[in-house]
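Below is one structure, written out as C-alpha coordinates; the observations come after it.
If you want it as C-alpha coordinates, here you go:
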(Lines of atoms letter the chains of each structure in order from A and count residues from 1; the text may use other names and numbers.)
(Lines give C-alpha, C1' and ligand atoms only; values in the text may rest on other atoms or scores of the structure.)
Protein backbone atom coordinates (compact mmCIF):
# COMPACT_ATOMS: atom_id res chain seq x y z
CA UNK A 1 0.00 0.00 0.00
CA UNK A 2 1.22 3.48 -0.88
CA UNK A 3 1.00 6.21 1.75
CA UNK A 4 -1.63 8.75 0.63
CA UNK A 5 -0.87 12.42 0.14
CA UNK A 6 -2.25 14.72 2.85
CA UNK A 7 -3.75 17.85 1.25
CA UNK A 8 -4.65 20.86 3.40
CA UNK A 9 -6.45 24.15 2.67
CA UNK A 10 -4.94 27.63 2.82
CA UNK A 11 -6.82 30.90 2.56
CA UNK A 12 -3.68 33.01 2.78
CA UNK A 13 0.09 32.74 3.07
CA UNK A 14 0.07 32.46 6.87
CA UNK A 15 -2.33 29.52 6.85
CA UNK A 16 -0.30 27.90 4.09
CA UNK A 17 2.75 27.98 6.34
CA UNK A 18 0.78 26.42 9.20
CA UNK A 19 -0.43 23.64 6.90
CA UNK A 20 3.10 22.72 5.91
CA UNK A 21 4.54 23.11 9.41
CA UNK A 22 1.91 20.72 10.77
CA UNK A 23 2.53 18.02 8.19
CA UNK A 24 0.68 18.62 4.92
CA UNK A 25 2.26 17.10 1.81
CA UNK A 26 0.44 19.60 -0.39
CA UNK A 27 -1.77 22.67 -0.06
CA UNK A 28 -4.54 23.99 -2.28
CA UNK A 29 -5.15 27.71 -2.70
CA UNK A 30 -7.27 30.04 -4.81
CA UNK A 31 -6.22 32.96 -6.98
CA UNK A 32 -8.29 35.87 -8.22
CA UNK A 33 -9.82 33.95 -11.16
CA UNK A 34 -12.50 31.22 -10.95
CA UNK A 35 -11.79 30.36 -7.33
CA UNK A 36 -14.59 28.59 -5.44
CA UNK A 37 -14.07 30.83 -2.41
CA UNK A 38 -14.82 34.33 -3.70
CA UNK A 39 -15.46 35.57 -0.15
CA UNK A 40 -11.88 34.72 0.72
CA UNK A 41 -9.23 37.33 -0.02
CA UNK A 42 -7.41 34.75 -2.14
CA UNK A 43 -3.82 34.98 -3.36
CA UNK A 44 -2.38 37.74 -5.50
CA UNK A 45 0.06 36.88 -8.29
CA UNK A 46 3.02 37.81 -6.10
CA UNK A 47 1.67 35.75 -3.20
CA UNK A 48 1.13 32.75 -5.47
CA UNK A 49 4.75 32.92 -6.61
CA UNK A 50 5.82 33.12 -2.96
CA UNK A 51 3.54 30.19 -2.08
CA UNK A 52 4.94 27.94 -4.82
CA UNK A 53 8.52 28.82 -3.90
CA UNK A 54 7.81 28.18 -0.20
CA UNK A 55 6.23 24.79 -0.96
CA UNK A 56 8.95 23.64 -3.34
CA UNK A 57 11.75 24.72 -1.01
CA UNK A 58 10.33 22.20 1.45
CA UNK A 59 9.75 19.42 -1.05
CA UNK A 60 5.98 20.03 -0.93
CA UNK A 61 3.35 20.67 -3.60
CA UNK A 62 0.91 23.48 -4.31
CA UNK A 63 -2.34 23.20 -6.25
CA UNK A 64 -4.47 26.10 -7.51
CA UNK A 65 -8.26 25.98 -7.75
CA UNK A 66 -9.74 27.22 -11.05
CA UNK A 67 -12.96 25.31 -10.52
CA UNK A 68 -15.87 27.77 -10.37
CA UNK A 69 -18.58 27.44 -13.02
CA UNK A 70 -17.26 29.40 -16.00
CA UNK A 71 -19.34 31.86 -18.03
CA UNK A 72 -18.34 33.47 -21.33
CA UNK A 73 -16.73 36.49 -19.68
CA UNK A 74 -14.48 34.25 -17.58
CA UNK A 75 -12.41 33.22 -20.59
CA UNK A 76 -11.08 36.73 -21.11
CA UNK A 77 -7.64 36.64 -19.51
CA UNK A 78 -7.84 32.94 -18.64
CA UNK A 79 -5.00 31.92 -20.95
CA UNK A 80 -2.74 34.56 -19.45
CA UNK A 81 -3.61 33.34 -15.95
CA UNK A 82 -2.90 29.72 -16.85
CA UNK A 83 0.37 30.75 -18.50
CA UNK A 84 1.30 32.49 -15.25
CA UNK A 85 0.54 29.33 -13.24
CA UNK A 86 2.70 27.36 -15.66
CA UNK A 87 5.50 29.91 -15.31
CA UNK A 88 5.55 29.81 -11.50
CA UNK A 89 5.44 25.98 -11.67
CA UNK A 90 2.19 25.32 -9.82
CA UNK A 91 2.00 21.56 -9.32
CA UNK A 92 -1.58 21.27 -10.60
CA UNK A 93 -4.76 23.18 -11.30
CA UNK A 94 -8.19 21.99 -10.18
CA UNK A 95 -10.91 22.48 -12.80
CA UNK A 96 -14.52 21.39 -13.23
CA UNK A 97 -15.54 23.02 -16.50
CA UNK A 98 -14.73 21.31 -19.83
CA UNK A 99 -14.01 24.65 -21.47
CA UNK A 100 -11.52 25.58 -18.76
CA UNK A 101 -10.06 22.07 -19.02
CA UNK A 102 -9.50 22.48 -22.77
CA UNK A 103 -7.68 25.77 -22.16
CA UNK A 104 -5.57 24.29 -19.36
CA UNK A 105 -4.44 21.44 -21.63
CA UNK A 106 -2.56 23.97 -23.77
CA UNK A 107 -0.12 24.52 -20.92
CA UNK A 108 2.38 22.36 -19.06
CA UNK A 109 0.08 21.97 -16.08
CA UNK A 110 -1.09 18.83 -14.32
CA UNK A 111 -4.89 18.88 -14.19
CA UNK A 112 -7.01 17.60 -11.31
CA UNK A 113 -10.76 17.38 -11.81
CA UNK A 114 -12.66 19.11 -9.02
CA UNK A 115 -15.39 17.56 -6.91
CA UNK A 116 -17.67 20.15 -8.61
CA UNK A 117 -17.62 17.82 -11.64
CA UNK A 118 -19.46 15.24 -9.47
CA UNK A 119 -17.48 12.15 -10.45
CA UNK A 120 -19.47 9.21 -9.13
CA UNK A 121 -18.46 6.26 -11.32
CA UNK A 122 -15.51 4.53 -12.98
CA UNK A 123 -16.60 5.39 -16.53
CA UNK A 124 -16.43 9.12 -15.76
CA UNK A 125 -13.06 8.70 -14.06
CA UNK A 126 -11.77 6.82 -17.12
CA UNK A 127 -13.21 9.51 -19.40
CA UNK A 128 -11.26 12.24 -17.62
CA UNK A 129 -8.15 10.09 -17.62
CA UNK A 130 -8.49 9.63 -21.36
CA UNK A 131 -8.65 13.38 -21.82
CA UNK A 132 -5.41 13.79 -19.89
CA UNK A 133 -6.42 14.46 -16.29
CA UNK A 134 -3.96 13.19 -13.69
CA UNK A 135 -6.36 13.06 -10.75
CA UNK A 136 -10.07 13.19 -9.97
CA UNK A 137 -11.55 14.55 -6.75
CA UNK A 138 -14.42 12.18 -6.14
CA UNK A 139 -17.92 13.28 -5.17
CA UNK A 140 -18.57 13.21 -1.45
CA UNK A 141 -21.64 11.07 -2.10
CA UNK A 142 -19.65 7.89 -2.81
CA UNK A 143 -19.30 4.87 -0.55
CA UNK A 144 -15.98 3.15 0.09
CA UNK A 145 -17.24 0.19 -1.93
CA UNK A 146 -17.86 2.44 -4.94
CA UNK A 147 -14.46 4.13 -4.57
CA UNK A 148 -12.73 0.75 -4.49
CA UNK A 149 -14.49 -0.27 -7.70
CA UNK A 150 -13.45 2.99 -9.40
CA UNK A 151 -9.86 2.32 -8.36
CA UNK A 152 -9.98 -1.23 -9.66
CA UNK A 153 -11.45 -0.26 -13.04
CA UNK A 154 -9.51 3.01 -13.54
CA UNK A 155 -6.19 2.21 -11.82
CA UNK A 156 -4.08 4.75 -13.71
CA UNK A 157 -5.81 7.87 -12.42
CA UNK A 158 -5.22 9.22 -8.91
CA UNK A 159 -8.24 9.33 -6.57
CA UNK A 160 -8.63 12.20 -4.13
CA UNK A 161 -11.43 12.42 -1.60
CA UNK A 162 -12.42 14.71 1.24
CA UNK A 163 -11.79 13.17 4.64
CA UNK A 164 -12.56 16.09 6.96
CA UNK A 165 -14.60 19.28 7.12
CA UNK A 166 -17.92 20.81 6.16
CA UNK A 167 -20.42 18.81 4.13
CA UNK A 168 -22.67 20.47 1.56
CA UNK A 169 -26.34 19.53 1.32
CA UNK A 170 -26.27 19.80 -2.50
CA UNK A 171 -24.86 17.10 -4.78
CA UNK A 172 -21.12 17.74 -5.14
CA UNK A 173 -21.69 21.24 -3.81
CA UNK A 174 -23.73 22.42 -6.79
CA UNK A 175 -26.40 24.41 -4.96
CA UNK A 176 -28.91 27.04 -6.19
CA UNK A 177 -30.50 28.01 -2.87
CA UNK A 178 -27.97 30.76 -2.12
CA UNK A 179 -28.63 32.30 -5.52
CA UNK A 180 -32.39 32.10 -5.00
CA UNK A 181 -32.41 33.63 -1.52
CA UNK A 182 -29.86 36.43 -1.87
CA UNK A 183 -28.41 36.36 -5.39
CA UNK A 184 -25.07 34.91 -4.32
CA UNK A 185 -24.01 32.15 -6.70
CA UNK A 186 -22.66 29.12 -4.85
CA UNK A 187 -21.23 27.71 -8.07
CA UNK A 188 -19.09 30.80 -8.59
CA UNK A 189 -17.64 30.92 -5.10
CA UNK A 190 -20.19 33.16 -3.36
CA UNK A 191 -22.20 30.67 -1.28
CA UNK A 192 -23.95 32.23 1.74
CA UNK A 193 -24.46 28.74 3.25
CA UNK A 194 -28.26 28.82 3.47
CA UNK A 195 -28.17 25.15 4.48
CA UNK A 196 -26.93 26.46 7.85
CA UNK A 197 -29.92 28.84 8.26
CA UNK A 198 -32.85 28.11 10.55
CA UNK A 199 -36.27 27.52 8.98
CA UNK A 200 -39.88 27.31 10.17
CA UNK A 201 -43.10 26.02 8.60
CA UNK A 202 -45.82 28.64 7.99
CA UNK A 203 -49.49 27.96 7.22
CA UNK A 204 -50.18 30.30 4.27
CA UNK A 205 -53.78 31.36 4.96
CA UNK A 206 -53.44 32.14 8.64
CA UNK A 207 -49.76 33.04 8.70
CA UNK A 208 -49.37 30.79 11.73
CA UNK A 209 -45.85 29.51 12.28
CA UNK A 210 -45.38 25.90 13.31
CA UNK A 211 -42.13 24.68 14.87
CA UNK A 212 -40.82 21.58 13.15
CA UNK A 213 -38.32 20.60 15.79
CA UNK A 214 -38.18 20.84 19.52
CA UNK A 215 -36.20 24.07 19.98
CA UNK A 216 -37.32 27.66 19.44
CA UNK A 217 -34.49 28.64 17.09
CA UNK A 218 -36.01 27.14 13.97
CA UNK A 219 -35.35 24.00 11.92
CA UNK A 220 -31.92 23.36 10.53
CA UNK A 221 -33.24 20.79 8.09
CA UNK A 222 -30.29 20.91 5.65
CA UNK A 223 -27.42 21.38 8.09
CA UNK A 224 -25.10 18.38 7.83
CA UNK A 225 -22.60 17.49 10.50
CA UNK A 226 -18.94 17.80 9.53
CA UNK A 227 -17.04 14.93 7.95
CA UNK A 228 -14.40 13.14 10.03
CA UNK A 229 -12.55 10.03 8.85
CA UNK A 230 -9.50 9.97 11.14
CA UNK A 231 -10.68 6.67 12.63
CA UNK A 232 -10.91 5.06 9.19
CA UNK A 233 -7.51 5.54 7.56
CA UNK A 234 -7.13 1.80 6.76
CA UNK A 235 -10.47 1.62 4.95
CA UNK A 236 -9.67 4.69 2.85
CA UNK A 237 -6.23 3.39 1.90
CA UNK A 238 -7.57 -0.07 1.05
CA UNK A 239 -10.26 1.52 -1.16
CA UNK A 240 -7.51 3.10 -3.26
CA UNK A 241 -7.68 6.72 -2.12
CA UNK A 242 -4.34 8.32 -3.00
CA UNK A 243 -5.00 11.77 -1.53
CA UNK A 244 -6.75 12.72 1.74
CA UNK A 245 -8.25 16.20 1.40
CA UNK A 246 -9.15 18.50 4.31
CA UNK A 247 -11.87 21.09 3.68
CA UNK A 248 -11.57 24.64 5.02
CA UNK A 249 -9.96 27.47 3.04
CA UNK A 250 -12.02 29.94 5.09
CA UNK A 251 -10.91 28.48 8.42
CA UNK A 252 -8.27 29.77 10.85
CA UNK A 253 -4.62 28.84 11.13
CA UNK A 254 -5.56 26.99 14.33
CA UNK A 255 -8.04 24.78 12.46
CA UNK A 256 -5.58 24.18 9.61
CA UNK A 257 -2.72 23.31 11.96
CA UNK A 258 -4.63 21.16 14.45
CA UNK A 259 -6.59 19.17 11.86
CA UNK A 260 -3.55 18.65 9.63
CA UNK A 261 -1.50 17.41 12.59
CA UNK A 262 -4.18 14.89 13.63
CA UNK A 263 -4.36 13.38 10.15
CA UNK A 264 -0.58 13.48 9.68
CA UNK A 265 -0.13 11.45 12.84
CA UNK A 266 -2.97 9.08 11.97
CA UNK A 267 -1.54 8.32 8.52
CA UNK A 268 2.04 7.96 9.75
CA UNK A 269 1.02 5.78 12.69
CA UNK A 270 -0.99 3.44 10.47
CA UNK A 271 1.88 2.93 8.04
CA UNK A 272 4.41 2.51 10.84
CA UNK A 273 2.33 0.14 12.97
CA UNK A 274 -1.40 -0.61 12.44
CA UNK A 275 -1.78 -1.67 16.07
CA UNK A 276 -0.34 1.64 17.26
CA UNK A 277 -2.81 3.43 15.00
CA UNK A 278 -5.73 1.49 16.52
CA UNK A 279 -4.62 2.35 20.05
CA UNK A 280 -4.34 6.02 19.19
CA UNK A 281 -7.73 6.47 17.51
CA UNK A 282 -9.25 8.01 20.69
CA UNK A 283 -6.36 10.50 20.67
CA UNK A 284 -6.95 11.58 17.05
CA UNK A 285 -10.67 11.95 17.70
CA UNK A 286 -10.02 13.91 20.88
CA UNK A 287 -7.70 16.30 19.04
CA UNK A 288 -10.29 16.90 16.34
CA UNK A 289 -12.96 17.65 18.93
CA UNK A 290 -10.77 20.54 20.09
CA UNK A 291 -11.17 22.56 16.89
CA UNK A 292 -14.95 22.94 17.12
CA UNK A 293 -17.41 21.43 14.65
CA UNK A 294 -21.08 20.83 13.91
CA UNK A 295 -20.59 17.36 15.28
CA UNK A 296 -18.98 14.65 13.20
CA UNK A 297 -20.18 12.09 10.68
CA UNK A 298 -18.56 9.59 8.32
CA UNK A 299 -20.75 10.91 5.50
CA UNK A 300 -21.61 8.46 2.74
CA UNK A 301 -18.55 6.25 3.11
CA UNK A 302 -20.33 3.45 4.99
CA UNK A 303 -24.04 4.12 4.44
CA UNK A 304 -26.52 6.64 3.15
CA UNK A 305 -26.68 9.67 5.41
CA UNK A 306 -29.72 9.88 7.69
CA UNK A 307 -31.03 12.01 10.54
CA UNK A 308 -28.11 11.07 12.75
CA UNK A 309 -25.75 12.77 10.31
CA UNK A 310 -27.41 16.18 10.54
CA UNK A 311 -27.15 18.97 13.09
CA UNK A 312 -30.74 19.98 13.76
CA UNK A 313 -29.72 22.34 16.56
CA UNK A 314 -27.78 24.59 14.21
CA UNK A 315 -25.01 25.49 16.60
CA UNK A 316 -21.36 24.56 16.35
CA UNK A 317 -20.38 22.16 19.09
CA UNK A 318 -18.37 24.01 21.69
CA UNK A 319 -14.75 23.02 21.93
CA UNK A 320 -13.46 22.47 25.45
CA UNK A 321 -10.24 24.27 24.59
CA UNK A 322 -10.35 27.89 23.39
CA UNK A 323 -7.61 28.91 20.99
CA UNK A 324 -5.39 31.38 22.87
CA UNK A 325 -2.75 32.36 20.34
CA UNK A 326 0.16 31.55 18.06
CA UNK A 327 3.82 31.41 19.03
CA UNK A 328 5.99 33.96 17.25
CA UNK A 329 9.31 33.41 19.03
CA UNK A 330 11.01 31.79 22.02
CA UNK A 331 14.01 32.73 24.16
CA UNK A 332 15.20 32.14 27.72
CA UNK A 333 12.09 30.39 29.00
CA UNK A 334 9.60 32.83 27.48
CA UNK A 335 7.62 32.71 24.26
CA UNK A 336 5.99 35.65 22.54
CA UNK A 337 2.49 34.90 21.33
CA UNK A 338 0.01 36.85 19.25
CA UNK A 339 -3.11 36.39 21.34
CA UNK A 340 -6.56 35.37 20.03
CA UNK A 341 -8.74 34.83 23.12
CA UNK A 342 -8.68 35.90 26.75
CA UNK A 343 -6.61 34.00 29.29
CA UNK A 344 -5.28 34.75 32.76
CA UNK A 345 -2.75 33.74 35.37
CA UNK A 346 -3.71 30.45 36.95
CA UNK A 347 -5.27 29.10 33.74
CA UNK A 348 -4.21 25.67 32.61
CA UNK A 349 -3.00 25.90 29.03
CA UNK A 350 -1.75 23.49 26.39
CA UNK A 351 1.15 24.18 24.05
CA UNK A 352 0.43 22.56 20.70
CA UNK A 353 3.65 21.73 18.90
CA UNK A 354 3.91 21.53 15.14
CA UNK A 355 6.57 18.88 15.66
CA UNK A 356 6.67 16.76 18.78
CA UNK A 357 4.34 16.12 21.68
CA UNK A 358 2.13 18.80 23.19
CA UNK A 359 2.45 19.73 26.85
CA UNK A 360 0.29 21.42 29.47
CA UNK A 361 1.14 23.88 32.21
CA UNK A 362 -0.27 26.60 34.45
CA UNK A 363 0.11 30.25 33.45
CA UNK A 364 2.41 31.73 36.11
CA UNK A 365 3.96 34.78 34.51
CA UNK A 366 3.21 37.01 31.52
CA UNK A 367 3.98 40.51 30.25
CA UNK A 368 2.39 42.92 27.79
CA UNK A 369 4.11 44.66 24.88
CA UNK A 370 5.38 47.44 27.17
CA UNK A 371 7.09 44.92 29.42
CA UNK A 372 4.62 45.30 32.30
CA UNK A 373 3.61 42.17 34.15
CA UNK A 374 -0.11 41.46 33.77
CA UNK A 375 -2.62 39.11 35.37
CA UNK A 376 -4.94 38.77 32.36
CA UNK A 377 -4.86 39.22 28.58
CA UNK A 378 -8.41 40.14 27.55
CA UNK A 379 -7.93 41.72 24.11
CA UNK A 380 -7.30 39.81 20.86
CA UNK A 381 -4.18 40.55 18.79
CA UNK A 382 -2.09 41.59 21.82
CA UNK A 383 1.48 40.37 21.87
CA UNK A 384 2.19 38.64 25.16
CA UNK A 385 5.45 37.32 26.63
CA UNK A 386 4.55 34.11 28.40
CA UNK A 387 6.73 31.95 30.63
CA UNK A 388 6.66 28.35 29.40
CA UNK A 389 7.91 25.15 31.01
CA UNK A 390 9.50 23.78 27.82
CA UNK A 391 10.96 25.28 24.67
CA UNK A 392 8.58 26.03 21.80
CA UNK A 393 8.98 27.23 18.21
CA UNK A 394 7.46 29.60 15.71
CA UNK A 395 4.11 28.20 14.48
CA UNK A 396 3.44 26.33 17.71
CA UNK A 397 0.05 27.27 19.18
CA UNK A 398 -1.50 27.84 22.61
CA UNK A 399 -4.97 26.79 23.73
CA UNK A 400 -6.83 26.34 26.98
CA UNK A 401 -6.28 22.88 28.42
CA UNK A 402 -9.24 20.57 28.83
CA UNK A 403 -10.70 20.27 32.32
CA UNK A 404 -10.86 16.48 32.00
CA UNK A 405 -7.86 14.21 31.93
CA UNK A 406 -5.99 14.25 28.65
CA UNK A 407 -6.77 11.37 26.30
CA UNK A 408 -3.96 8.82 26.30
CA UNK A 409 -1.66 8.97 23.33
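Numbering (this note's numbering), first residue to last: 1358 to 1766.
Using N, Cα and C, we set each Cβ at its ideal position, and we do this for glycine too.
Between residue 1589 and the ligand HEM, is there a pair consisting of the residue's CB and a ligand heavy atom that are separated by less than 7 Å?
The ligand content of the structure shown is nil, which means the ligand HEM is not present either.
Between residue 1524 and residue 1453, how many whole angstroms is the CB-CB distance? I'm expecting something under 8 Å.
The Cβ separation is near 18 Å, so there is no contact.
With residue 1385 as the anchor, note down where its beta strand (DSSP E) starts and where it stops.
1383–1387
Span of the alpha helix (DSSP H) holding residue 1437?
1435–1444
Write down every uninterrupted run of the beta strand (DSSP E) in the stretch 1689–1721 whose length is 3 residues or greater and which is fully enclosed by it, in chain order.
1691–1696, 1705–1709 and 1716–1719
Leaving out five residues before and five after residue 1431 in sequence, what residues of the same chain have Cβ atoms less than 7 Å from its Cβ?
1391
CB-CB under 7 Å to residue 1688, same chain, minus the five flanking residues each way: which ones, in chain order?
none
To which residues does DSSP link residue 1422 through a beta bridge?
1387 and 1451
Let me make sure I understand the geometry here. Which of 1611, 1587, 1417 and 1609 has the alpha-carbon closest to that of residue 1622?
1587
Using the Cβ count rule (16 or more neighbours within 10 Å means buried), how would you classify residue 1703?
exposed
Residue interval of the alpha helix (DSSP H) (run including residue 1405):
1402–1414
Indicate the three-state DSSP secondary structure (helix, strand or coil) for residue 1370 in the structure shown.
helix
Distance CB(residue 1584)-CB(residue 1494) smaller than 8 Å:
no
8 Å Cβ cutoff met for residue 1477 and residue 1499:
yes
Which same chain residues, not among the five before or five after residue 1604, have their C-beta less than 6 Å away from its C-beta?
1519, 1522 and 1523
Cα-Cα separation, residue 1515 to residue 1727:
54 Å
Can you tell me the Cα-Cα spacing of residue 1663 and residue 1627, whole angstroms?
30 Å
Can you tell me the Cβ-Cβ gap for residue 1732 and residue 1701, rounded? I've got them flagged as a contact below 8 Å.
6 Å
Whole angstroms are fine: how far does the CA of residue 1712 sit from the CA of residue 1617?
12 Å
Under the three-state reduction of DSSP, which class applies to residue 1734: helix, strand or coil?
strand
Bounding residues of the beta strand (DSSP E) (the contiguous stretch that carries residue 1484):
Where residue 1484 is concerned, there is no enclosing beta strand (DSSP E), although the alpha helix (DSSP H) it sits in stretches over 1479–1488.
What would DSSP say about residue 1612, mapped onto helix, strand or coil?
helix
For residue 1793 and residue 1510, what's the separation of their Cα atoms in angstroms?
Here the chain covers residues 1358 to 1766 and nothing more, so residue 1793 does not appear.
For the structure I just gave you, are there three or more beta carbon pairs, one from the stretch 1407–1427 and one from the stretch 1735–1745, closer than 8 Å?
no
Rounded to whole angstroms, what is the Cα-Cα separation between residue 1761 and residue 1708?
Only weak support is given to the placement of residue 1761: the predicted model assigns it a pLDDT of 45, under 50, and the question is left unresolved by the model.
The stretch 1418–1428 in contact with the stretch 1379–1387 per 3-pair CB rule at 8 Å
yes
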